[in-house]
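Visitor: Numbering-wise (UniProt numbering), the sequence shown opens with residue 3 and increments by one.
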Amino acid sequence: DTDLRNIEALDAHESDRIAVVTGASRGIGAAIAGRLAADGYTVAVHYRQDSAAAAGVVEKIIAAGGAAFSFAADLAAPDTGTAFWAAYDAAAGSLRDVPVRVLVNNAGIALHGTIEEFGAEDFIRQQQINTTAPFLIIQAALPRLADGGRIVNISSGATRVALPDIIGYTMTKGAIDALTLPLAQHLGSRGITVNAVVPATIDTDMNASWLRGNPDLIADIAAQNALGRIGEPDDVADVVGLLASHDARWVTGQVIDATGGYRL
Ligand code: NAD
3 DTDLRNIEAL DAHESDRIAV VTGASRGIGA AIAGRLAADG YTVAVHYRQD
53 SAAAAGVVEK IIAAGGAAFS FAADLAAPDT GTAFWAAYDA AAGSLRDVPV
103 RVLVNNAGIA LHGTIEEFGA EDFIRQQQIN TTAPFLIIQA ALPRLADGGR
153 IVNISSGATR VALPDIIGYT MTKGAIDALT LPLAQHLGSR GITVNAVVPA
203 TIDTDMNASW LRGNPDLIAD IAAQNALGRI GEPDDVADVV GLLASHDARW
253 VTGQVIDATG GYRL
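#1: Can you tell me whether residue 108 is helix, strand or coil according to DSSP?
#2: Using only alpha-carbon positions, find the residue among 21, 56, 53 and 59 that is nearest to residue 42.
#3: Under DSSP, the alpha helix (DSSP H) around residue 182 begins and ends at which residues?
#4: Can you name, in chain order, every residue of its own chain whose Cβ lies under 7 Å from the Cβ of residue 76, other than the five neighbours on each side?
#5: Less than 8 Å between the C-beta atoms of residue 65 and residue 39, yes or no?
#6: For residue 98, count neighbouring C-beta atoms within 10 Å of its own C-beta (all shown protein chains included) and say buried if the count is 16 or more, exposed if not.
#7: So is the beta-carbon of residue 138 under 7 Å away from any non-hydrogen atom of ligand 1?
#8: Taking three-plus beta-carbon pairs below 8 Å as touching, is the stretch 226-240 in contact with the stretch 256-265?
#9: Counting only the same chain and skipping the five closest in sequence on each side, list residues whose C-beta sits under 6 Å from that of residue 183.
#10: Enumerate in chain order the residues of its own chain whose CB-to-CB distance from residue 204 is below 8 Å, with the five nearest sequence positions on each side excluded.
#11: Looking at C-alpha atoms only, which residue of 185, 252, 82 and 72 is the closest neighbour of residue 93?
#12: Cβ of residue 207 within 7 Å of any heavy atom in ligand 2?
#13: Which partner residues of residue 70 appear in the DSSP bridge assignment?
#14: Please report the distance separating the alpha-carbon of residue 173 from that of residue 68.
#15: Among the residues of its own chain, which have a CB less than 7 Å from the CB of residue 79, if the five just before and after it don't count?
#16: Taking only three categories from DSSP, how would you classify residue 214?
#17: Let's see if you can read the secondary structure: which residues bound the beta strand (DSSP E) around residue 260?
#18: Taking the beta strand (DSSP E) that residue 150 belongs to, which residues open and close that run?
#19: State the Cα-Cα distance for the pair residue 153 and residue 196, rounded to the nearest angstrom.
#20: Only counting the same chain, and skipping five residues up and downstream in sequence, which positions put a Cβ closer than 6 Å to that of residue 176?
#21: Using a Cβ-based criterion (distance less than 7 Å to any ligand heavy atom), does residue 101 qualify as near ligand 1?
#22: Nearest by alpha-carbon distance to residue 74: which of 143, 88, 63 and 103 is it?
#23: Would you mind working out which of 180, 189 and 46 sits nearest residue 106, comparing C-alpha positions?
#24: To the nearest angstrom, how far is the alpha carbon of residue 83 from that of residue 139?
#25: Along the chain, where does the alpha helix (DSSP H) that runs through residue 242 open and close?
#26: In chain order, what residues of the same chain lie with their CB nearer than 7 Å to the CB of residue 208, ignoring the 5 residues before and after it?
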């Protein structure tokens, strides 16, 4: 019933500016959803399976006076492009025909392992979620993207330094950067900007297994950042908000570090 109430709220809301954020049930994606909602977008909160967490993000946005709804889709599924937008349509109700103004490809996984350790299945699954899925989601979105819209892809500072323990992850994020440039050229004639944002280490669930509750490691990472602290999800979300804004209308094809000066 959360979603039903939200759809009603949406109908009463200025609903011509829709932002879709993948993997928005937690972490950086949830922060991006909050920022875009605060900027007046109706936010479609995509999640994989944690419906309670997604509902929490939606509730928070509504409590703050914004508009949002959630929908689930597994980006590991081979038919991701079409399945993703079918799930979106089912949840969006009367908004399904409104062009999508902002698409943020944020969802991702980070599997650890050196080249010797990596199983083929894990390697391919990570590629599917981090690289293939954004490609297919954008491809299937093209007819529904608003001219003058924005695509923001979330990359990683792992592409900036040699981290052999996450070689497979780094490859997927290098591909995100490589996707951003030609796509910006291709969609420029429609006034659509395409950029990537590059976070460095942030204490989200993605890093919980090795970082959370480890103050020495957190201090070590903070010391590697010029700005002397570890990043927060909002530090990245605000840069996404900037890129989505009118002020960034002349910025496209860029891969922008938002790392606090990681290993400058
Ligand atoms: P997180 O693990 O907290 O969130 C990842 C999100 O992606 C979750 O909502 C999750 O449900 C979703 N997701 C994962 N697999 C999925 C699947 N198969 N189908 C659908 N959704 C799926 O991680 P985060 O730190 O918030 O990461 C967000 C993005 O930022 C990722 O692309 C990540 O690579 C990137 N990033 C994170 C860091 C960091 O240190 N946290 C650094 C650089 C880049």
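All C-beta atoms in this analysis are idealised placements derived from N, C-alpha and C, irrespective of residue type, glycine included.
Guide: If we stick to the structure as given:
#1: The residue labelled residue 108 in the question sits at position 106 within the sequence shown. Looking at residue 108 - three-state DSSP - the assignment turns out to be coil, as it is neither helix nor strand.
#2: The residue given as residue 42 occupies position 40 in the sequence shown. When C-alpha distances from residue 42 are compared across 21, 56, 53 and 59, the shortest belongs to 21.
#3: Locating residue 182 in the sequence shown gives position 180, where the first residue counts as 1. Per DSSP, residue 182 belongs to the alpha helix (DSSP H) from 169-189.
#4: As a working mapping, residue 76 is identified with position 74 in the sequence shown. Closer than 7 Å at the Cβ level, and outside the excluded window around residue 76, lie 50.
#5: As a working mapping, residue 65 is identified with position 63 in the sequence shown. As a working mapping, residue 39 is identified with position 37 in the sequence shown. Not a contact, by the Cβ cut-off of 8 Å.
#6: For the purposes of this step, residue 98 is taken as the residue at position 96 of the sequence shown. Around the beta carbon of residue 98, fewer than 16 other beta carbons sit within 10 angstroms, so the residue counts as exposed.
#7: For the purposes of this step, residue 138 is taken as the residue at position 136 of the sequence shown. No; taking the cut-off as 7 Å, the Cβ of residue 138 has no heavy atom of ligand 1 nearer than that.
#8: yes
#9: Stepping through the sequence shown from its first residue, residue 183 is reached at position 181. Same-chain partners within the cutoff: 255.
#10: Stepping through the sequence shown from its first residue, residue 204 is reached at position 202. Only 29, 30, 232, 233, 234, 235, 237 and 238 meet the Cβ criterion.
#11: For the purposes of this step, residue 93 is identified with residue 91 of the sequence shown, where counting begins at 1. Checked all of 185, 252, 82 and 72; the closest Cα to residue 93 is 72.
#12: With respect to ligand 2, the structure offers nothing, as its ligand set consists of ligand 1.
#13: One-based indexing of the sequence shown puts residue 70 at position 68. DSSP lists 45 as partners of residue 70.
#14: As a working mapping, residue 173 is identified with position 171 in the sequence shown. As a working mapping, residue 68 is identified with position 66 in the sequence shown. Each residue's Cα considered, the two are about 36 Å apart.
#15: In the sequence shown, counting from the first residue as 1, residue 79 sits at position 77. Closer than 7 Å at the Cβ level, and outside the excluded window around residue 79, lie 85.
#16: In the sequence shown, the residue the question calls residue 214 occupies position 212. Looking at residue 214 - three-state DSSP - the assignment turns out to be coil, as it is neither helix nor strand.
#17: In the sequence shown, the residue the question calls residue 260 occupies position 258. Residue range 257-260 is occupied by the beta strand (DSSP E) that includes residue 260.
#18: Numbered from 1 along the sequence shown, position 148 holds the residue referred to as residue 150. 147-156 is the extent of the beta strand (DSSP E) around residue 150.
#19: Within the sequence shown, numbered from 1, the residue matching residue 153 stands at position 151. Within the sequence shown, numbered from 1, the residue matching residue 196 stands at position 194. C-alpha separation (whole angstroms): 5 Å.
#20: Numbered from its first residue, the sequence shown carries residue 176 at position 174. Excluding sequence neighbours, residue 176 sits near 161.
#21: The sequence position of residue 101 within the sequence shown is 99, counting from 1. Remark: the shortest separation between the CB of residue 101 and any heavy atom of ligand 1 does not fall under 7 Å.
#22: What you label residue 74 is simply residue 72 of the sequence shown in a count that begins at 1. Taking only the C-alpha atoms, the option nearest residue 74 is 88.
#23: Indexing the sequence shown from 1 puts residue 106 at position 104. With distances taken between Cα atoms, residue 106 lies closest to 46.
#24: The count along the sequence shown starts at 1 and reaches residue 83 at position 81. The count along the sequence shown starts at 1 and reaches residue 139 at position 137. Between residue 83 and residue 139, the C-alpha separation is close to 4 Å.
#25: Translated into the one-based positions of the sequence shown, residue 242 becomes position 240. Looking at the DSSP string, the run of the alpha helix (DSSP H) that includes residue 242 is 235-246.
#26: For this step, residue 208 is matched to residue 206 along the sequence shown. The beta carbon of residue 208 lies closer than 7 Å to those of 29 and 112 in the same chain, with the five residues before and after it left out.
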